[in-house]
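Presented below is the structure to which this report refers.
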Amino acid sequence: MLLELSIQNFAIIEDLKIGFTKGLNLLTGETGSGKSIIIEALGIVLGGRSTKSLIRTGEKKAVIQALFYIENKEKIEALFQEHGIDMEEDGLVIITREIFTNSPSISRLNGRTVTLGILNSISYNLVDIFGQHEHQSLLHIPNHKTLIDSFGDERFNILKAELKRNFEEYAEFKKQLEKMNINSSQKERQIDLLKFQIQEIQSANLSPADDEDLENQFNRVNNIKTIGMGVGEVLDSLNGDNFENISIIDLIHKNISVLSGLKKYDMDLVPLLQRIEGVGLELQDINKEMRNYMESLDLNEESLIYLTDRMNTVNRLKKKYGNSVEKINEFMFNIQDELDVILNYDKEIKRLNENIHQIEKLSLGLSKELTLKRKAIAKDLEVKIT
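Residue numbering for the sequence shown follows this note's numbering, beginning at 38 and increasing consecutively.
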């Protein structure tokens, strides 16, 4: 419902704000008091045609803003999402039109600039304006079904929902059927292609490790000499094989010995001694693990050749079928299903036609019931109107 209409510098109106409440709201006044201007302003803010002549004399622009509260958000929210516009959780919709003297008008929906086309498609579902001498939407034939449907009961709405669901399923089955309608030579080519792709992926025998560990293994083997030299330098410094046979570990032990002798003179040195002892133990442990690592390094030419080939295979498959092992396998599962469908072509064609026939039969019954209900609603409305 319309909550508020704000008009600035429009026609004879300088600044006007009107609040609306639920139910019937009446605008009364003598001829020429501005009632039609208010209605015209509302029509413009909802996407109607605007002209610069409507700007109040002496002003550079006119601004019209309408605030709506949407009680049933489903339909409007779907339209908002379709055009990438956020719908506020409180159900409020703010529409703004700015008309300028020297540039095109601007339309905004919840603060976002939109085209008149988008504004019209959304505002059409917000309000219906019946101005003097205007064509009323009640007389517009395409609107009759929407009007009648708005008076439908719960069963009526269930019928519409079922028909909509049936139509979507029908369209999907039709789409699948059209996809199946390929000639014999096309079918054979497609079978050959799918089989080749499946075989290519299966023969690679991919595993999650091909994503996670393969590159690391390749880098390790391919740079094993550089790694060995670096680790060797660290071991040399730890064990005194360089630096004139001075060992870092020996130096730490020497410092431990010095502090051990001094602690009897000052107990404040004990915490420092304990910390340096910890460093010594940690260095011994690091030294041991690095020796083990050094011994595990094996410059194996065969491993390098294998890992290089494996990397090339995995990267080729990623380029063709997906950027990860998971995506490649997902692609394979999908084309396996596609291949099964083609290999069972006749059976699948029969299944799709049966489904289409079943939906047509169900929809016919639902449509007849819905038509009867619409006729009953139309007759009831006719009696009430006349």
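Beta carbons: idealized from backbone N, C-alpha and C, even for Gly.
As the structure is a computational prediction, the values presented were derived from the model and not from experiment.
Between the Cα of residue i and the Cα atoms of the options, which residue gives the shortest distance?
i	options	result
Thr58	Gly71, Glu385, Leu40	Leu40
Leu401	Leu320, Gly148, Lys197, Glu385	Lys197
Arg388	Met217, Thr150, Lys72, Asn46	Met217
Gly85	Tyr161, Phe105, Ser140, Gly66	Tyr161
Lys110	Glu125, Val100, His120	Glu125
Leu418	Gly189, Phe105, Lys300	Gly189
Ser340	Phe255, Glu406, Glu67, Ile159	Phe255
Gln395	Lys211, Glu77, Gln45	Lys211
Arg149	Ser142, Thr133, Ser158	Thr133
Lys412	Pro141, Lys182, Val100	Lys182
Asn324	Lys291, Leu409, Glu270	Glu270
For residue i, write down the residues that DSSP places opposite it in a beta bridge.
i	result
Glu135	Val100, Ile143
Gly359	In the DSSP output, where bridge partners are listed per residue, Gly359 has none listed.
Thr150	Arg145
Ile92	Phe47
Glu41	Gly56, Leu104
Val130	Phe105
Is the Cβ-Cβ distance between residue i and residue j less than 9 Å?
i	j	result
Ser33	Ala103	Limits of the chain in this structure are 38 at one end and 423 at the other, which puts residue 33 out of reach.
Leu334	Val268	yes
Gln321	Ile293	no
Ile127	Asn147	Looking at the sequence itself, residue 127 is Asp, so the reference to Ile does not match. No, these two residues do not count as a Cβ contact at 9 Å.
Ala241	Leu354	yes
Phe117	Ile238	no
Ile74	Phe137	no
Val21	Asp247	Past the edges of the chain, shown from 38 to 423, lies residue 21, and the structure says nothing about it.
Ile113	Leu184	no
Leu156	Leu251	no
Leu403	Leu153	no
Leu310	Lys300	yes
Met327	Leu275	yes
Ser90	Ile81	no
Phe193	Ile414	yes
Leu230	Asn366	no
Val258	Asn329	no
Gln234	Ile342	no
Ala48	Glu67	no
Under the three-state reduction of DSSP, which class applies to residue i: helix, strand or coil?
i	result
Ser294	helix
Gly402	helix
Glu51	strand
Asn109	coil
Gly84	coil
Lys301	coil
Gly269	helix
His181	helix
Gly315	helix
Tyr67	A quick correction: the sequence has Glu, not Tyr, at residue 67. In the structure shown, Glu67 sits in coil (DSSP, three-state: anything other than H, G, I, E or B).
Ile283	coil
Thr408	helix
Met331	helix
Leu320	helix
Glu125	coil
Asp229	helix
Leu61	coil
Asp417	helix
**Asked** Quick check: the stretch 53 to 68 against the stretch 83 to 96, are there 3 or more CB pairs under 8 Å?
**Response** Result no; under three Cβ-Cβ pairs closer than 8 Å.
**Asked** If we count Cβ pairs, one from each stretch, closer than 8 Å, do we get three or more for the stretch 201 to 213 versus the stretch 336 to 352?
**Response** Contact fails between the stretch 201 to 213 and the stretch 336 to 352, because fewer than three Cβ pairs, one in each stretch, are under 8 Å apart.
**Meets three-Cβ-pair contact criterion under 8 Å: the stretch 382 to 390 and the stretch 252 to 269** = In short, these stretches do not touch, since the Cβ pair count stays below three.
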